[in-house]
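Numbering (our numbering), first residue to last: 35 to 508.
Quick reminder that beta carbons are idealized off the backbone N, C-alpha and C, glycines included.
Predicted model only: the values in this text are computed from it and were never measured.
Step one of this worksheet: look at the structure below.
Okay, here's the thing in structure tokens:
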């Protein structure tokens with residue numbers, strides 16, 4: 035009997051602990067964030083198909099070893115203690131993480147100092163910081179393509195936008211031949227951007243937007259504004275900042291640092307240093323005019339949406355500031371392909387798919403819906419929106435999801451709501467705007483949603499995927 039208890043304990047522990055370790059990793063190894071997540075999801079979904087692949091890093095290996103030690107101690111005490119530890123494996127994880135905190139801090143400090151030494155030895159390196167509630171990754175990729183026309187450029191890969199992600203990039207990828215280093219800077223709480231800036235000391239900064247993303251951890255919009263502008267505050271007196279005047283959170287911020295040159299950009303915004311105008315859609319993407327003190331230049335791109343135009347404006351401005359030839363910038367812009375899951379367009383037979391599934395936000399979703407609405411469909415075809423709404427928006431989440439439903443009802447023929455987390459709010463908005471019940475589909479997951487909506491995915495229809503919930507919100 036006791037042997038069976040030990041076997042069951044081991045099986046339950048191993049099945050659940052890797053799930054909880056995955057969620058701990060997705061919550062940035064922060065115990066307080068993981069605890070908030072656990073209170074909403076106390077039961078492990080051990081057989082779910084993960085969207086974000088778990089990475090068994092050295093830190094995760096250390097954590098796993100300590101978890102095994104704690105569970106081993108419980109096994110020595112009694113089989114029932116072992117079973118309790120298996121059932122409560124999430125608490126074993128948090129205890130193990132707390133136990134390892136001093137060691138992890140020492141390791142992080144050693145890596146940080148090593149990265150600082152490597153940077154200080156790299157004389158003449160131009161360092162560009164990019165932050166914002168959204169638009170960071172797209173702008174980073176666009177700027178990389180433009181500056182690569184003249185310079186040897188390194189950028190932080192993927193979503194390496196934390197301090198330790200930047201440290202890892204420096205230690206593993208920075209080479210003596212690099213002339214420019216583009217650093218994406220993410221933040222979940224005040225001080226996060228300053229911490230990265232204190233490491234890399236940028237001379238150029240781009241603030242793409244300030245919105246209500248991560249309001250749950252920042253608490254107020256004022257905290258988000260102040261945190262994003264930590265980048266501009268860190269620039270030297272001879273530095274250069276580029277900010278998006280289209281972003282309400284930037285336009286309304288009263289404490290923009292002005293100790294260095296600060297230029298702004300927008301769409302048809304005449305008070306900006308640079309602006310885009312005459313945007314038109316083509317079968318290949320978009321065309322627009324870029325207007326600044328040097329006059330007007332015409333650009334063509336395979337990208338879609340005003341959000342991409344704004345990101346391109348920021349990249350073009352920094353490219354010109356660093357004296358990349360205008361014709362070379364035009365060539366780079368034309369060669370840029372959509373970033374995966376960020377307003378990328380593809381076809382499945384005659385079905386057109388617009389993929390805007392990454393990290394959606396109210397402003398970006400509104401622009402994506404405008405693009406969908408502007409694209410004509412023939413008789414018998416439909417515009418379909420598939421969305422779970424927004425997350426991590428605190429008290430603003432319900433209202434923003436209601437607005438999303440209302441606009442989707444105007445811009446689309448069919449609305450597919452995935453998951454229960456925002457269903458009530460999105461439904462309320464869609465019905466307020468008059469979308470018929472027969473054109474609304476609700477499903478608990480994406481697979482069921484696609485099955486239910488398949489009758490509207492006819493040839494020449496257009497499907498917009500607007501956001502995809504991370505595993506920890508499913």
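Could you check whether residue j and residue i sit closer than 8 Å to each other, using their CB atoms as the reference points?
i: residue 251; j: residue 168; result: no
i: residue 411; j: residue 498; result: no
i: residue 36; j: residue 113; result: yes
i: residue 284; j: residue 217; result: no
i: residue 379; j: residue 388; result: yes
i: residue 460; j: residue 484; result: no
i: residue 174; j: residue 164; result: yes
i: residue 306; j: residue 279; result: yes
i: residue 449; j: residue 430; result: no
i: residue 101; j: residue 127; result: yes
i: residue 338; j: residue 319; result: yes
i: residue 224; j: residue 262; result: no
i: residue 492; j: residue 414; result: yes
i: residue 342; j: residue 245; result: no
i: residue 366; j: residue 500; result: no
i: residue 177; j: residue 352; result: yes
i: residue 210; j: residue 237; result: no
i: residue 97; j: residue 124; result: no
i: residue 436; j: residue 398; result: no
i: residue 63; j: residue 95; result: no
What are the start and end residues of the beta strand (DSSP E) that includes residue i?
i: residue 334; result: 329-335
i: residue 154; result: Note, residue 154: premise wrong, no beta strand (DSSP E); alpha helix (DSSP H) at 123-154.
i: residue 301; result: 295-301
i: residue 482; result: First-last for residue 482: 480-487, but that is the alpha helix (DSSP H), not the beta strand (DSSP E).
i: residue 389; result: 385-390
i: residue 420; result: 417-421
i: residue 322; result: 319-326
i: residue 315; result: 308-316
i: residue 218; result: 214-218
i: residue 68; result: Where residue 68 is concerned, there is no enclosing beta strand (DSSP E), although the alpha helix (DSSP H) it sits in stretches over 65-74.
i: residue 165; result: 160-165
i: residue 378; result: 378-382
i: residue 499; result: 496-500
i: residue 425; result: It is not in any beta strand (DSSP E) - residue 425 carries neither H nor E in the DSSP assignment.
i: residue 188; result: 187-189
i: residue 475; result: 474-477
Give the range of the alpha helix (DSSP H) segment to which residue i is assigned.
i: residue 231; result: 226-234
i: residue 104; result: 92-111
i: residue 39; result: 36-60
i: residue 175; result: 170-181
i: residue 285; result: 282-285
i: residue 271; result: It is not in any alpha helix (DSSP H) - residue 271 carries neither H nor E in the DSSP assignment.
i: residue 203; result: 197-207
i: residue 405; result: 396-408
Pick out whichever of the options has its Cα sitting closest to the Cα of residue i.
i: residue 266; options: 71, 291 and 123; result: 291
i: residue 386; options: 485, 495, 138 and 355; result: 495
i: residue 427; options: 92, 481, 222 and 134; result: 222
i: residue 72; options: 89, 54 and 62; result: 54
i: residue 328; options: 50, 354 and 472; result: 354
i: residue 331; options: 337, 316, 275 and 312; result: 312
i: residue 157; options: 189, 215 and 68; result: 215
i: residue 469; options: 455, 442 and 451; result: 442
i: residue 197; options: 340, 127 and 227; result: 227
i: residue 434; options: 456, 93 and 195; result: 456
i: residue 276; options: 297, 287 and 270; result: 297
i: residue 78; options: 91, 159 and 47; result: 47
i: residue 90; options: 57, 115, 64 and 120; result: 57
i: residue 234; options: 466, 98 and 148; result: 148
i: residue 206; options: 361, 219, 220 and 190; result: 190
i: residue 453; options: 477, 70, 183 and 326; result: 477
i: residue 346; options: 363, 423 and 356; result: 363
i: residue 377; options: 142, 359, 405 and 421; result: 405
i: residue 256; options: 286, 239, 183 and 229; result: 286
i: residue 52; options: 481, 182, 467 and 120; result: 120
i: residue 145; options: 423, 471 and 199; result: 199
i: residue 268; options: 490, 254 and 239; result: 239
For my contact list, residue i and residue j are in at a C-beta cut-off of 8 Å; report their separation, rounded to the angstrom.
i: residue 322; j: residue 350; result: No, residue 322 and residue 350 are not in contact; Cβ-Cβ is about 11 Å, not under 8 Å.
i: residue 39; j: residue 117; result: 6 Å
i: residue 264; j: residue 231; result: 6 Å
i: residue 308; j: residue 301; result: Not confirmed; about 11 Å, so no contact.
i: residue 421; j: residue 368; result: Actually they are not in contact, since the Cβ atoms of residue 421 and residue 368 sit about 31 Å apart, beyond 8 Å.
Give a yes or no on whether the minimum CB-CB distance between residue i and chain D is below 8 Å.
i: residue 449; result: Checking the listed chains, one finds no chain D in this structure; it contains a single protein chain.
Counting only runs of 4+ residues fully inside the stretch 343-371, write out the alpha helix (DSSP H) ranges in chain order. List check, alpha helix (DSSP H) in window: 360-369.
To test your reading of the DSSP string, which unbroken alpha helix (DSSP H) runs of 4 or more residues are found completely within the stretch 236-266? You should have 249-252 and 255-262.
Segments assigned alpha helix (DSSP H), at least 4 residues, entirely inside the stretch 445-472: Those alpha helix (DSSP H) runs which fall completely within the stretch 445-472 and span 4+ residues are 457-466.
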